[in-house]
């Protein structure tokens, strides 16, 4: 059974004061909510997380992300919202990821750090960034090493499978907050800054928003809470939480993250998405919980990656591109109404060449379908027509596009070059090349724009192509793995 998160509905199981180091903290912390908040089967879990990340909307963030706010309910409820946040950091490498969650089940006086060993999920054990954790220790500020707060808590645990899939070479510092007053937030923020200066870190605050029985009140309260976070005034945010004006079960973790991120150079906050459990399940009434994904970042640092031009020029004229986009759109319009694809009279020599092509459909920035021919088995215009139909109706990741959705779709076309076998990964050029990795009957393909969009280096691009094939990250190193590359001319309706 999937469990929805509520601060007030959990039973307090025990009351343990901080200040006593527990020998168990040196051990691997076992999953407490696998099979409840998320699948216990590793294959099912990985597939679920990968699909949510792939389907999540990529939101432009013009800077380097320092902190995230992510929800922590059952994955069918809050998982798609969390995926929007984690998509922003996919493929990035960090010295440490500090994950701060509120304590729902145990009374804590300050903050409890699981400082040694690892945190286990069905996807494996995540090692602790022990050097960072040790520098955060401050018993006089009620920041201690303990398993208190961690044993039954879900708020940190549910973030880890997303991080395991999104971030290579992951190391974490799991923190559970008890008291969420201004002093506790300030002490924890100071500890994070002290431990993380000079390192590349990501700080994740785990929190849902409104909890209650009114859909309308959920929207009103969440709007006030999100506006307060956008003001980047963590001290004022804490006061509003204590007065009841704002609501977030992880309000303390959010405030501590904002304080630490500010000291580490962040100066902007962006709401990536917002929803609630009633909207997710499509039913009004009953209990409702608000969810949001939020990025905190240094403006102007490392942004605009997704806007860099990718691929190569293949000699297509502006008229050729407009013709192909028209073919794709008219095809989608027809086939979603149950009609056959239209016929076109095409005379341009470039459009009669045999080329591989992919058609990508997006709705409000979110992927809605993407299918293509890898190699040129038919004239380019026919390939685009066929793949437009397939992207609209046959992408197994999505339901077929409905006719009323068509005006909201954005269409992108990638016209492929022939493939070439990669003998040395030093020959791979980010921004120019797409990749195919084949091993046995498995195959994964990523278009050139993907690596540029996420700011990946070559190694990370190879790793994610392996993941797309359902292979381990390092499968590309195996002697039986084939690495192929190609380039593409990429264009969309918004550019012409």
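Numbering (our numbering), first residue to last: 2 to 497. For glycine and all other residues, C-beta sits at the position ideal for the given N, C-alpha and C. Remember, it's a predicted structure, so these values are computed and weren't measured experimentally.
Rounded to a whole number of angstroms, what is the C-alpha to C-alpha distance between residue i and residue j?
i	j	result
residue 490	residue 425	24 Å
residue 488	residue 376	12 Å
residue 480	residue 439	11 Å
residue 163	residue 408	33 Å
residue 455	residue 92	7 Å
residue 263	residue 428	40 Å
residue 308	residue 435	Interpretation of residue 308 is limited by its pLDDT of 46, a score under 50 that renders its predicted location unreliable; no figure is taken from the coordinates.
residue 188	residue 180	11 Å
residue 234	residue 242	12 Å
residue 304	residue 60	Per-residue confidence for residue 304 stands at a pLDDT of 47, beneath the threshold of 50, marking its modelled position as unreliable; the derived number appears in the next sentence. Cα to Cα, the separation comes out at about 11 Å.
residue 464	residue 423	15 Å
residue 147	residue 168	26 Å
residue 95	residue 201	5 Å
residue 531	residue 47	The shown model of the chain, from 2 to 497, leaves out residue 531, and the question about it has no answer.
residue 355	residue 437	20 Å
residue 401	residue 345	24 Å
residue 1	residue 318	Residue 1 lies beyond the stretch modelled for the chain, which goes from 2 to 497, so this question has no answer here.
residue 89	residue 97	16 Å
residue 7	residue 451	Only weak support is given to the placement of residue 7: the predicted model assigns it a pLDDT of 36, under 50, and the question is left unresolved by the model.
residue 108	residue 190	20 Å
residue 23	residue 447	Residue confidence is low: residue 23 scores 34 on pLDDT, short of 50, so the model does not pin down where it sits. Its coordinate-derived value is still stated next. Going by the C-alpha atoms only, they are around 46 Å apart.
residue 493	residue 326	7 Å
residue 321	residue 313	16 Å
residue 287	residue 79	17 Å
Could you check whether residue j and residue i sit closer than 7 Å to each other, using their CB atoms as the reference points?
i	j	result
residue 192	residue 137	yes
residue 266	residue 299	yes
residue 111	residue 206	no
residue 126	residue 150	no
residue 86	residue 273	yes
residue 519	residue 43	Any answer about residue 519 is impossible in this case: the structure gives the chain only from 2 up to 497.
residue 374	residue 358	yes
residue 256	residue 270	no
residue 83	residue 54	no
residue 449	residue 311	yes
residue 67	residue 297	yes
residue 70	residue 208	yes
residue 145	residue 196	no
residue 466	residue 432	no
residue 486	residue 421	yes
residue 525	residue 153	Any question about residue 525 goes unanswered here, given that the chain covers just 2 to 497.
residue 393	residue 336	yes
Suppose the cutoff is 8 Å on Cβ atoms and the five residues either side in sequence are ignored; what does the same chain contact list for residue i look like?
i	result
residue 129	115, 116, 117, 118, 119, 120, 172, 173, 174, 175
residue 27	Since pLDDT at residue 27 reaches only 49, below the 50 mark, its modelled position is unreliable, and the value read off the structure follows with that caveat. 117, 118.
residue 468	51, 166, 445, 474
residue 215	289
residue 198	265
Among the residues of its own chain, which have a CB less than 6 Å from the CB of residue i, if the five just before and after it don't count?
i	result
residue 361	371, 413
residue 353	380
residue 504	Nothing can be reported for residue 504: it is not among the residues displayed for the chain, which extend from 2 to 497.
residue 222	211, 248
residue 483	439
Would you list the residues sitting across from residue i in a DSSP beta bridge?
i	result
residue 444	439
residue 275	293
residue 298	66, 269
residue 489	417
residue 483	439
residue 178	103, 112
residue 146	114
residue 325	Bridge partners of residue 325: none, in fact.
residue 362	370, 412
residue 207	71
residue 357	In DSSP, residue 357 forms no bridge with anything.
residue 151	Answer is none; residue 151 lacks a bridge partner.
residue 192	In DSSP, residue 192 forms no bridge with anything.
residue 313	Bridge partners of residue 313: none, in fact.
residue 139	144
residue 380	355
Which same chain residues end up closer than 7 Å to residue i when comparing Cβ atoms and leaving out the 5 residues on each side of it in sequence?
i	result
residue 399	369, 370
residue 332	342, 343, 386, 389, 390
residue 135	116
residue 478	none
residue 461	92, 169
residue 364	406, 409, 410
residue 495	411
residue 230	238, 255, 270, 295
Checking contacts by CB at 7 Å: is residue i closer than that to chain D?
i	result
residue 313	Absent here is chain D; the protein component of the structure consists of one chain.
Would you check if the segment 241-261 and the segment 99-111 touch, i.e. whether three or more CB-CB distances between them fall below 8 Å? Contact between the segment 99-111 and the segment 241-261 is present, because at least three Cβ pairs lie under 8 Å.
Inspect the CB distances between the segment 468-477 and the segment 382-393 and report whether three or more fall short of 8 Å. no
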